[in-house]
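Single-structure report; data block below.
In the working numbering, the protein residues as written are 1455 to 1501.
Below is the structure:
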């Protein structure tokens, strides 16, 4: 993953919702309200 895009540094935050929709919602709310993220990507499913 790139460390910068267009000369701007990028910080990646990876969280595990344990495939639990309730937990996923809480994590998204935290990312938006506390971490003030500019972009959300997901979900990603792994075995």
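Every residue, glycine too, gets a C-beta built ideally from N, C-alpha and C.
Who are residue i's beta bridge partners in DSSP?
i: residue 1462; result: 1459
Can you tell me whether DSSP reads residue i as helix, strand or coil?
i: residue 1488; result: coil
i: residue 1469; result: coil
i: residue 1398; result: Residue 1398 cannot be examined here, being either before or after the span of the chain that is shown, 1455 to 1501.
Closer than 7 Å by C-beta to residue i: which residues in its own chain qualify, once you throw out the five before and the five after it? Chain order, please.
i: residue 1471; result: 1477, 1478, 1481
i: residue 1455; result: 1466
Keeping to the same chain, check which residues put their C-beta closer than 8 Å to that of residue i; ignore five residues upstream and five downstream.
i: residue 1485; result: 1467, 1469, 1491, 1494
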